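In the numbering used here, each residue carries its 1-based index in the sequence shown increased by 201.
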Amino acid sequence: LSLDGKVKAALIVNQSNLGVNLSELLNGITVIVNDPEDLPWKSLCTAISKLSTTYSLQEIPVLIYPFSYAQDKHIAYEKQYELWIIDMRNTDKFIDFMHRRFRMKYN
Numbered sequence: 202l203s204l205d206g207k208v209k210a211a212l213i214v215n216q217s218n219l220g221v222n223l224s225e226l227l228n229g230i231t232v233i234v235n236d237p238e239d240l241p242w243k244s245l246c247t248a249i250s251k252l253s254t255t256y257s258l259q260e261i262p263v264l265i266y267p268f269s270y271a272q273d274k275h276i277a278y279e280k281q282y283e284l285w286i287i288d289m290r291n292t293d294k295f296i297d298f299m300h301r302r303f304r305m306k307y308n
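Structure representation (structure tokens):
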């Protein structure tokens, strides 16, 4: 979504087969709000509604980030999730450090 050439929000349509579904998190719409000041909930809701035709589900989960947007706009929600991002390029170094630090042996 953009206004006057400025990105206000990005909407991501996630689709997965039913065998890989995690509480419908992989079959839903993720909204990343870039500029909450000039983004009315009605406009965002319209965009979500248009994208929801992609699914053949009765209810479509919508994840909104940041959570403060949902709070500020008084949007009803069922759950709140934490977003955790990890750079896997550094995990080997971290695991080696933990093994050395705590004198752990592994095969």
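Glycine is no exception: its CB is placed at the ideal position from the N, C-alpha and C atoms.
Just so you know, these numbers come straight off a predicted model, no measurement behind them.
Item: Where Arg296 sits in the DSSP three-state scheme; Value: Here residue 296 turns out to be Ile, not Arg, going by the sequence shown. Of the three classes helix, strand and coil, the one that applies to Ile296 here is helix, per DSSP.
Item: At least 3 beta-carbon pairs within less than 8 Å: the region 232-241 vs the region 207-216; Value: yes
Item: Sheet register partners of Ile257 (DSSP bridge); Value: For clarity, residue 257 is Ser in the given sequence; the question names Ile instead. DSSP output for Ser257 lists no bridge partner at all.
Item: For Thr231, the residue or residues it bridges with in DSSP; Value: Ile213, Leu264
Item: Length of the line joining the Cα atoms of Glu157 and Asp288; Value: For the chain, the structure presents residues 202 to 308; residue 157 sits outside this window and is missing.
Item: Straight-line gap, Val214 to Asn228 (C-alpha atoms, nearest Å); Value: 8 Å
Item: Neighbour-count burial assignment, Leu240, 16 or more Cβ in a 10 Å radius; Value: buried
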